[in-house]
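Numbering (the numbering used here) for the sequence shown: 263 to 1212.
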Amino acid sequence: SLAKGLLPLPPPPPPCVAKLLEDAPGLQVMEELAPPPSSTTRPPLHKAQFAADCRPRNILMVCVCQSRATHPHIGNDYPWLEIILIWIVLPGKHVHTVLTLLCNKCFAVKIFVGQKVRRLVMVQNDIKKISRNAFAGLEGSLEHLYIMDPTLYDLPFDTFDNLANIRTCILENTDISDIPRLNSLKRLEVLSIDGSRVTKITTGAFTMMPNMKKLQISNSLLKNIDGSALEGLIYLEEINFSNNAIEWIHPGAFRTLDIATHLSLAGNKISDVVMTVIAARELRSLKVFDLQNNIITELRKGSFVDMPTVETINIANNLLSKIEYGSIFKLPSLKKIDINGNFLQNFHSDIFTETPQIESLNLSHNNLSFVAQMIYIARALPELTSFDLSNNRLTLDNIQTFNGHRKLEALKLSNNEIKHLKKGLFKGLPNLRELHLGNNKIENNFLGQIWNLPKLRVLDLSHNDLKTINNLVVQGLPQLSNLDISLNLISEVKERTFSGAPFLKKLNLSYNSLENLPGKVFSGLEELYELDMCYNELISIDYNILQGLKSLELLHITHNQVLSVNKQAFLDTMKLRYLDLSFNLIQELPTEAINMLTELRVFKLHNNAIRKINDGQLLGLHLVEHLDLSNNHIQTLDQNAFTKQNVLRNLDLSVNYIQSLHTDIFANMHLLEKLNISHNYLVDLGEQTFSNIKHLRILDLTNNSLTEIGKAVSGLSNLQGLFMSQNYISTLKNSTFQNLPTLNVLHFDNNGLQTFESGTFLGLKSLVYLDLRNNNLVELNPGSFISLYSLKDMKISQNQISVIRNYAYADLNSLQSLELQDNVITEISPKAFKNLPSMKFLNLSRNGLQEIPEEALASLPNLDVLDLSWNYMLRVEDSSFKNHEWLTVLMLHDNDLCRLSEGAFSNQRGLRVLTLQNNQLKRLHLRALGKTIGGLSLLDMTDSITFKCN
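Structure, rendered in structure tokens:
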């Protein structure tokens, strides 16, 4: 058609489109496109259409175009999508597995002619209407279509008529009110309309659709399901009409759906469950029936009846206050029923009749104060294994309540009003494995045996009012493996309290009031794996407290008041791998005790009062990988303090009083990866201090008293992050950062840095982030940052820089953000920012500039954000920002601007935010904004001009 002159010739491609040709056949992201040429001018095709003639990367404006094989992703802020697709086709390759159109502004006719697309994704393109032949050209290839657009309201009934191969059609979050005609889509398997204004399914909407397996019309406005609404969907397997406004369903609405297994009517306005069940009974293969989040107030006798295949019923979060006898009748396959989140006050077992297979019953979050005795529930539900009664008002005064169910395995009674556990309360539950009684008001002191649960594995008594526990707490629980008694008021634990549970593996006693524990309190727990005693008031760890815990691997005793640890405290716990003694009052390392822990991997002693680490105190911890000694009172570290920590990977010595380090203190830490010595009082570092830590990745020396660094960090070939903020280093030499090829992040802010030698940063080819804020730098010489090829973010604000000389930031090809605010800059040389092709953000606010540095800024055509606020500039000329078409944010507030030329911002077609407040402006030419005003989201001129609107 182009050759014959039947279609108008497209204009030459904009920069991003030209780049698209270079990366053909696919495109990953196009963040923004150049504006379309004038509609009155259509020059002929020229050589730029060919990939070989594409414009180079450094002049592609703000576009980012990357290849993703055969998956083009096209994003556009301007209404000329048709042109883009023409230019995709021209190179020759036009077969796409996936084509994504993201954030475009229009959808032109016949743009897919000549294309072959298997999956088409259209997301938030602000399309209001799709024409009838919009998908022309995709008839033979399109199999999957996804459209998500809140503005789409017009979808003609015959839009999809010719898409014979389509198998999946998803319309999400649109404003359409009618379902398009689908009769011709014989291969369609999935239709999803999720979020629309569809109010009804018209008769015959789905006739002759033999392959449809899933139908979803959700989050719409459906009110009724008519008798013929679903005719033709004979092979439908899943129906989802959730979150509509359905009030009525025709009794025969589902009569032709013989193989459907899932029906969801959740989130509607159904109040008559009988009407709904009558319709659902036509689904002869139904297994899952979801009615949650409706307005059902009661279940009358026979509400759920004669549904032989149903396995799951969900009526949670309705308004149920009454369930009559026999309301669930003849459901022989039912295994799970969820009635949580209603208003039931009592529960009787004869609600269920001839439903022998129920395994899970959820009655949580109701107002139950009475439940039928378990012996009757067992007769009605003999296969019940899980019973959830949590979050009700049960008191369990009747000891017969839970007697007599031989198959029950999980019973949840948390968040009720239970005060006492009476003897025999849980008698006759021989298979119970989990019992949850947390968040009640239980205050038993266990004066008699409560339990007779031979298979119980998990017992939760947390968040209660227990004050004392003895051996009766686990008596009758021979298989118990997990006991949680945290968040009680326990101040006393008797000797051998847990001896009746020899298979206990996890015990939680945290958040109680324990001051001391008797000897052999854990005697007999030879299989205990984890013990938690955090947040108590323990003052010591005596020699026989942990006696017998031969399998213990995890021990938590943090947030107590421990002053001392007996030298034989860990005699029986030599398998310990994790020990946390943090947030206590320990003043001296318990050397003999911890040196027995030869299997320890993690040792946390932070937030104590330790003053010194002596030679040999950690001698036995040769397998420790993580050692935390931060937030102590450590003043000195002996030379051989860490001589045996050969496999240590993480050492934290921060927030102490360390003033010096022996040269070879870290000599044996060949595997150390992270070292934190921040917030100490180090004055100097020896050149060999870190020389043997070849695997070090993170070194934190923040907030010390260092005045120089010398060659201390030089040669750390794996170092990625170096943090040296808040010291007193005034000079950096060119040897300081030698041989750091992998360094990514360097923090050097808040020092007294005045100068650094030329070549200081030479060789930091991997550096991405450089922070030099709040120092005393006065000027930056040419080539100050030469060779920082990977640098993306540089912060040099809050210094004393007055002049930025030519080439001070030259050739930083990756630099995207430069912060120079809060200096005293009065002059920027014309070539100061030479060759910074990636620069997006420049902050020059709070300086002493009196003129806009036009020549210097001209080197930064790709700027997105420019902040020139809080300077002393007087005017903006036509030429001030002429090279910055793609500025998005321009801040000029709080200057002394008194004049804006007529063309001051006329070229900033991408401008969204312009701040001019707090200046001396008296008038504003409309032409100063030009076409810019149409795209502005924010124009702030507060305290600048008093407008008089005509």
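Each residue gets a CB set at the ideal place from its N, CA and C atoms; glycine is no exception.
Judging by CA-CA distance, which residue of the options is the nearest neighbour of residue i?
{"i": "I509", "options": "G466, N555 and L1162", "result": "Reading the sequence as shown, one finds Glu at residue 509 and not Ile. If we check each option's Cα against that of E509, N555 comes out closest."}
{"i": "T964", "options": "N942, M474, G948 and I971", "result": "N942"}
{"i": "L728", "options": "Q1179, E854 and N774", "result": "N774"}
{"i": "G786", "options": "S813, Q635 and E799", "result": "S813"}
{"i": "F784", "options": "E777, L766, C796 and N798", "result": "L766"}
{"i": "S626", "options": "M410, L776, K768 and D600", "result": "D600"}
{"i": "Q478", "options": "M470, S458 and P472", "result": "S458"}
{"i": "I704", "options": "K549, H682 and K1184", "result": "H682"}
{"i": "L883", "options": "I463, I501 and R863", "result": "R863"}
{"i": "Q377", "options": "K1184, P852 and G402", "result": "G402"}
{"i": "H698", "options": "E671, F708 and K689", "result": "E671"}
{"i": "S987", "options": "S997, P1003 and N966", "result": "N966"}
{"i": "I501", "options": "S526, L1125, H512 and I521", "result": "S526"}
{"i": "N732", "options": "D746, N744 and G762", "result": "G762"}
{"i": "E621", "options": "F609, R668, Q635 and Q1182", "result": "R668"}
{"i": "E1147", "options": "G1197, T1177 and E792", "result": "G1197"}
{"i": "N608", "options": "L934, A398, K584 and G1025", "result": "K584"}
{"i": "T951", "options": "H512, R394, A929 and D612", "result": "A929"}
{"i": "L880", "options": "I896, M537 and L851", "result": "L851"}
Within the same chain, show all residues whose beta-carbon is closer than 6 Å to that of residue i, passing over the 5 residues directly before and after it, in chain order.
{"i": "L859", "result": "F832 and L838"}
{"i": "K592", "result": "V567, D568 and E616"}
{"i": "L1119", "result": "none"}
{"i": "R1161", "result": "R1137"}
{"i": "K717", "result": "N693, R695 and Q741"}
{"i": "E586", "result": "R562 and K563"}
{"i": "S748", "result": "S724, N770, S772 and Y773"}
{"i": "N602", "result": "A578, N624, S626 and H627"}
{"i": "P780", "result": "E757"}
{"i": "L843", "result": "I819 and L867"}
For residue i, which of helix, strand or coil comes out of DSSP?
{"i": "Y797", "result": "coil"}
{"i": "S611", "result": "helix"}
{"i": "L307", "result": "Reliability fails at L307, whose pLDDT of 29 lies under 50, so the model's placement of it is uncertain and the value that follows must be treated cautiously. Reduced to three states, the DSSP call for L307 is coil."}
{"i": "G983", "result": "strand"}
{"i": "V909", "result": "coil"}
{"i": "I639", "result": "helix"}
{"i": "I680", "result": "coil"}
{"i": "V385", "result": "strand"}
{"i": "A396", "result": "coil"}
{"i": "L734", "result": "helix"}
{"i": "A1190", "result": "helix"}
{"i": "A1072", "result": "coil"}
{"i": "V535", "result": "helix"}
{"i": "I373", "result": "coil"}
{"i": "A426", "result": "coil"}
{"i": "A578", "result": "coil"}
{"i": "I409", "result": "strand"}
{"i": "I540", "result": "helix"}
{"i": "I1195", "result": "helix"}
{"i": "A1166", "result": "coil"}
{"i": "N774", "result": "coil"}
{"i": "R1161", "result": "strand"}
Could you pull out every residue in the same chain whose Cβ sits closer than 7 Å to the Cβ of residue i, ignoring the five residues on either side in sequence?
{"i": "E949", "result": "G972, K973 and A974"}
{"i": "L1201", "result": "L1176"}
{"i": "M836", "result": "M858, L859, T860 and E861"}
Spatial neighbours of residue i within its chain, please: CB distance less than 8 Å, with the 5 preceding and 5 following residues excluded, ordered by chain position.
{"i": "T1088", "result": "S1064, V1065, N1109, G1110, L1111 and Q1112"}
{"i": "K1054", "result": "V1030, Y1031, S1076, L1077, Q1078, S1079 and S1100"}
{"i": "S802", "result": "N778, V824, L825, S826, V827 and N828"}
Does the beta-carbon of residue i, which I'm using as the reference point, lie nearer than 6 Å to any heavy atom of the ligand ZN?
{"i": "S403", "result": "The ligand ZN is not part of the structure shown, which contains no ligands of any sort."}
Which runs of the beta strand (DSSP E) spanning at least 3 residues fall entirely within the region 989 to 1018, listed in chain order? Complete beta strand (DSSP E) runs here, min 3: 1007 to 1009.
Which whole runs of the beta strand (DSSP E) in the region 820 to 870 are 3 residues long or more, in chain order? 840 to 842 and 864 to 866
Contact between the region 1097 to 1111 and the region 1120 to 1139 (3+ Cβ pairs under 8 Å): Counting Cβ pairs under 8 Å, three or more are found: they touch.
Report the residue ranges of all alpha helix (DSSP H) runs contained in full by the region 465 to 527; include only those spanning at least 4 residues, in chain order. none
Output the residue ranges of the alpha helix (DSSP H) runs that lie fully inside the region 1105 to 1157 and measure 4 residues or longer, sorted by chain position. 1116 to 1119
Taking only runs of the beta strand (DSSP E) that begin and end inside the region 898 to 980, which ones reach a length of at least 3 residues, in chain order? With a minimum length of 3 residues, the continuous beta strand (DSSP E) runs that stay inside the region 898 to 980 are 912 to 914, 936 to 938 and 960 to 962.
Length at least 3, wholly inside the region 546 to 579: the beta strand (DSSP E) runs in chain order: 550 to 552 and 574 to 576
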